[in-house]
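Peer 1: Read top to bottom, the protein sequences are chains A and B. Residues 1 to 199 (full-length UniProt numbering) make up the first sequence, in order. Residues 1 to 199 (full-length UniProt numbering) make up the second sequence, in order. Glycine included, C-beta positions come from ideal geometry on N, C-alpha and C.
There are 2 protein chains.
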Amino acid sequence: MGRPTQFDKDEALDIAMILFWKNGYEATSVSVLAAAMGITRSSFYNAYESREKLFGLVLHRYKKEAPDGVLTEITDGKPILPTLCAMFREICDLRSADPDRKGCLVINSVAELGKDAEAPPFVRDLFSAMVDRFLRLVRQARDQGELAADTDIQALAGELAAFLSGINLMSKVITDRQQLWRTCRSFLVSHKLMVEDDV
Amino acid sequence: MGRPTQFDKDEALDIAMILFWKNGYEATSVSVLAAAMGITRSSFYNAYESREKLFGLVLHRYKKEAPDGVLTEITDGKPILPTLCAMFREICDLRSADPDRKGCLVINSVAELGKDAEAPPFVRDLFSAMVDRFLRLVRQARDQGELAADTDIQALAGELAAFLSGINLMSKVITDRQQLWRTCRSFLVSHKLMVEDDV
DNA sequence: TCCGTATTGTACAATAATGTACAAAATAAA
DNA sequence: TTTATTTTGTACATTATTGTACAATACGGA
Numbered sequence: 001m002g003r004p005t006q007f008d009k010d011e012a013l014d015i016a017m018i019l020f021w022k023n024g025y026e027a028t029s030v031s032v033l034a035a036a037m038g039i040t041r042s043s044f045y046n047a048y049e050s051r052e053k054l055f056g057l058v059l060h061r062y063k064k065e066a067p068d069g070v071l072t073e074i075t076d077g078k079p080i081l082p083t084l085c086a087m088f089r090e091i092c093d094l095r096s097a098d099p100d101r102k103g104c105l106v107i108n109s110v111a112e113l114g115k116d117a118e119a120p121p122f123v124r125d126l127f128s129a130m131v132d133r134f135l136r137l138v139r140q141a142r143d144q145g146e147l148a149a150d151t152d153i154q155a156l157a158g159e160l161a162a163f164l165s166g167i168n169l170m171s172k173v174i175t176d177r178q179q180l181w182r183t184c185r186s187f188l189v190s191h192k193l194m195v196e197d198d199v
Numbered sequence: 001m002g003r004p005t006q007f008d009k010d011e012a013l014d015i016a017m018i019l020f021w022k023n024g025y026e027a028t029s030v031s032v033l034a035a036a037m038g039i040t041r042s043s044f045y046n047a048y049e050s051r052e053k054l055f056g057l058v059l060h061r062y063k064k065e066a067p068d069g070v071l072t073e074i075t076d077g078k079p080i081l082p083t084l085c086a087m088f089r090e091i092c093d094l095r096s097a098d099p100d101r102k103g104c105l106v107i108n109s110v111a112e113l114g115k116d117a118e119a120p121p122f123v124r125d126l127f128s129a130m131v132d133r134f135l136r137l138v139r140q141a142r143d144q145g146e147l148a149a150d151t152d153i154q155a156l157a158g159e160l161a162a163f164l165s166g167i168n169l170m171s172k173v174i175t176d177r178q179q180l181w182r183t184c185r186s187f188l189v190s191h192k193l194m195v196e197d198d199v
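#1: Between Met17 of chain B and chain A, is any beta-carbon pair separated by less than 7 Å?
#2: When you compare the CB positions of Glu90 of chain B and Pro67 of chain B, do they come within less than 7 Å of one another, or not?
#3: Do we get a CB-CB distance below 7 Å when we pair Arg182 of chain B with the residues of chain A?
#4: Sorted by chain position, which residues of the same chain lie with C-beta nearer than 7 Å to Arg177 of chain B's C-beta, five sequence neighbours on each side aside?
#5: Who are the Cβ neighbours of Ala12 of chain A in its own chain at under 6 Å, not counting the five residues just before and after it?
#6: Below 9 Å between beta carbons is the criterion; list the residues of the stretch 64 to 84 of chain B that meet it against any residue of chain A, in chain order.
#7: Can you confirm whether the stretch 73 to 83 of chain B touches the stretch 154 to 167 of chain B when touching is taken to mean that 3 or more C-beta pairs between the two stretches lie within less than 8 Å?
#8: Assuming Val173 of chain A and Ser128 of chain B are in contact, meaning their beta carbons sit under 8 Å apart, how far apart are those beta carbons, in whole angstroms?
#9: Quick check on DSSP: helix, strand or coil for Glu65 of chain B?
#10: Using a cut-off of 8 Å between C-beta atoms, extract the partners of Pro99 of chain A located in chain B.
#11: Do Arg51 of chain A and Val32 of chain A count as a contact pair if the criterion is CB distance below 7 Å?
#12: Evaluate Asn46 of chain B with the Cβ neighbour count: other Cβ atoms within 10 Å of its Cβ, from every protein chain shown; 16 or more gives buried, anything less gives exposed.
#13: Can you give me the C-alpha to C-alpha distance between Leu84 of chain B and Arg136 of chain A, rounded to a whole angstrom?
#14: Thinking C-beta only, is Leu105 of chain B closer than 7 Å to Tyr62 of chain B?
#15: Report yes or no: is there a C-beta of chain A within less than 7 Å of the C-beta of Asn108 of chain B?
#16: Pick from A:Glu26, A:Asp8, A:Asp152, A:Leu71: whose alpha carbon is nearest that of Phe44 of chain A?
#17: Are the beta-carbon atoms belonging to Asn23 of chain A and Ala111 of chain B less than 7 Å from one another?
#18: Would you list, in sequence order, the uninterrupted alpha helix (DSSP H) runs of no fewer than 4 residues that lie entirely inside the stretch 42 to 117 of chain B?
#19: Less than 7 Å separating the beta-carbons of Phe134 of chain A and Ala157 of chain A?
#20: Output, in chain order, the set of chain B residues within a Cβ distance shorter than 9 Å of Glu26 of chain A.
#21: Round the Cβ separation of Phe122 of chain B and Gly56 of chain B to the nearest angstrom and send it over; I've been treating them as touching at under 8 Å.
#22: Mind checking if Phe88 of chain A is an interface residue toward chain B, Cβ cutoff 7 Å exclusive?
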């Protein structure tokens, strides 16, 4: 059924992801994308329709391999806080190990947001989804007795979202792993999400 | 001494600031800048030499009117925590009141940073300066007895920087003033930077 | 008034990017 | 082998953008 695609779509998507991640959505032109993917602009438009559509695919892929993905895999009844802490540690490790200082693709994209929806709309949703997920997790943790019964879960979820965003952003300037983790640990401890002597 | 400038440099700088703020550094072209400022590109290059130089001026101006400016005005001996809390509250007010959801110019610019110093270098310095300032303030607060003597001031300074960054970023998606402030208050209280019943 | 000097408008040449159109190429199925 | 179908390369017309060059302009000071 027609001529098959000459390039590896998965590989191309990876390349696109790195470019968007490194340079930002707006700053990554179709010409540059196509060239990096090793295809012509013609094939690009044929395969992805538009830069925005491709970005949607990229974000979808990013979500799957992002370090906070572990939070999605938490099932009812399982302890939450250890996974949460591990995620923060993982983020410190990943960000400080990245020689490109790319930070987090989602956070970078949120920063690009303007009121007028020039930028892809799903970025907003992705962020809101993160806040919602934190809220669910924190509620579950409270209900499971991992957090005090009188915990303000709304506020805590907000704090987690803000702090996580901030750490990801900060990692573009502060590149020392120890310093990042120390900051995270302090945050986690002061919110009783981990105890001092863990690790 | 030559023909005088036909346009108001202060006014033009303001216009440029809004544009950079709203659309980001990279996405704001000289053409658009010059047009918005009401001058020709010719005059633009004559007056500012380059977009990067202008951005330097813009950041300088921004720093002066930014909500965290109050922290610079703290002199020895004065209490620190009330001012710190007031700043967070001010930021919630400002960000939620901004119909353009611009967030913070510095934070937006940090998000644009790549490893290769394409972007103006002073952005990095500006962020580092913020961390340093938090460290000095926290140290002073501890020495003044506003914080416990065994406070890990490095970690706390990092937390403040990360959280503040995150709140500014988050304000581009979460626009409800109450929700933002609730998050900040929770953060401040859990770090003993304010007491629950303040405001 | 006239001169020096800095700003301005217009022009230029070059590069980059956009989206579309169409013919050539390559394969699966008939 | 032929046909239907999809990808691919090339081309096109358009619009942005860049930095520089140069002459025209306007004002302060002599």
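Peer 2: Straight from the coordinates:
#1: By one-based count along the second sequence, residue 17 of chain B stands at place 17. Met17 of chain B is outside the set of residues whose beta carbon lies under 7 Å from a beta carbon in chain A.
#2: In the second sequence, counting from the first residue as 1, residue 90 of chain B sits at position 90. In the second sequence, counting from the first residue as 1, residue 67 of chain B sits at position 67. For the 7 Å CB-CB criterion, Glu90 of chain B and Pro67 of chain B form a contact.
#3: Your numbering for residue 182 of chain B matches position 182 in the second sequence. Contacts with chain A at 7 Å (Cβ-Cβ) include Arg182 of chain B.
#4: The count along the second sequence starts at 1 and reaches residue 177 of chain B at position 177. Counting only Cβ-Cβ distances below 7 Å, and skipping sequence neighbours, we find Cys92, Asp93, Ser96.
#5: Here residue 12 of chain A refers to the residue found at position 12 of the first sequence. Excluding residues within five positions, the ones whose Cβ falls inside 6 Å are Met37.
#6: Going along the stretch 64 to 84 of chain B in chain order, one finds no residue with a Cβ nearer than 9 Å to chain A.
#7: Taking 8 Å as the limit for Cβ pairs, the verdict is that the stretch 73 to 83 of chain B does not touch the stretch 154 to 167 of chain B.
#8: As a first step, residue 173 of chain A must be located in the first sequence, where it is residue number 173. As a first step, residue 128 of chain B must be located in the second sequence, where it is residue number 128. 6 Å between Cβ atoms; contact.
#9: One-based indexing of the second sequence puts residue 65 of chain B at position 65. Glu65 of chain B: helix per DSSP, three-state reduction.
#10: Here residue 99 of chain A corresponds to residue number 99 of the first sequence, with the count starting at 1. Correct list: Lys115.
#11: Taking the first residue of the first sequence as 1, we reach residue 32 of chain A at position 32. Taking the first residue of the first sequence as 1, we reach residue 51 of chain A at position 51. With respect to the 7 Å criterion, Val32 of chain A and Arg51 of chain A are not classified as neighbours on the basis of their beta carbons.
#12: For this step, residue 46 of chain B is matched to residue 46 along the second sequence. In summary, Asn46 of chain B is exposed, with fewer than 16 beta-carbon neighbours lying within 10 Å of its beta-carbon over all protein chains present.
#13: If you number the second sequence from 1, residue 84 of chain B lands on position 84. If you number the first sequence from 1, residue 136 of chain A lands on position 136. C-alpha separation (whole angstroms): 30 Å.
#14: On the second sequence, residue 62 of chain B is found 62 positions in, with the first residue counted as 1. On the second sequence, residue 105 of chain B is found 105 positions in, with the first residue counted as 1. Going by C-beta atoms, Tyr62 of chain B is nearer than 7 Å to Leu105 of chain B.
#15: Here residue 108 of chain B is taken as the residue at index 108 of the second sequence, counted from 1. Cβ-Cβ to chain A under 7 Å: yes for Asn108 of chain B.
#16: One-based indexing of the first sequence puts residue 44 of chain A at position 44. The shortest C-alpha separation from Phe44 of chain A is found at A:Asp8.
#17: The sequence position of residue 23 of chain A within the first sequence is 23, counting from 1. The sequence position of residue 111 of chain B within the second sequence is 111, counting from 1. No. Outside cutoff.
#18: If we require 4 residues or more, the alpha helix (DSSP H) runs fully inside the stretch 42 to 117 of chain B come out as 51 to 65, 81 to 97, 105 to 112.
#19: In the first sequence, the residue the question calls residue 134 of chain A occupies position 134. In the first sequence, the residue the question calls residue 157 of chain A occupies position 157. Yes, these two residues count as a Cβ contact at 7 Å.
#20: By one-based count along the first sequence, residue 26 of chain A stands at place 26. Within chain B, the residues near Glu26 of chain A are Asn23, Gly24, Glu26, Ala27.
#21: Against the second sequence, residue 122 of chain B aligns to sequence position 122. Against the second sequence, residue 56 of chain B aligns to sequence position 56. Beta-carbon to beta-carbon, Phe122 of chain B and Gly56 of chain B are separated by about 6 Å, close enough to satisfy the 8 Å threshold.
#22: The count along the first sequence starts at 1 and reaches residue 88 of chain A at position 88. Closer than 7 Å: no.
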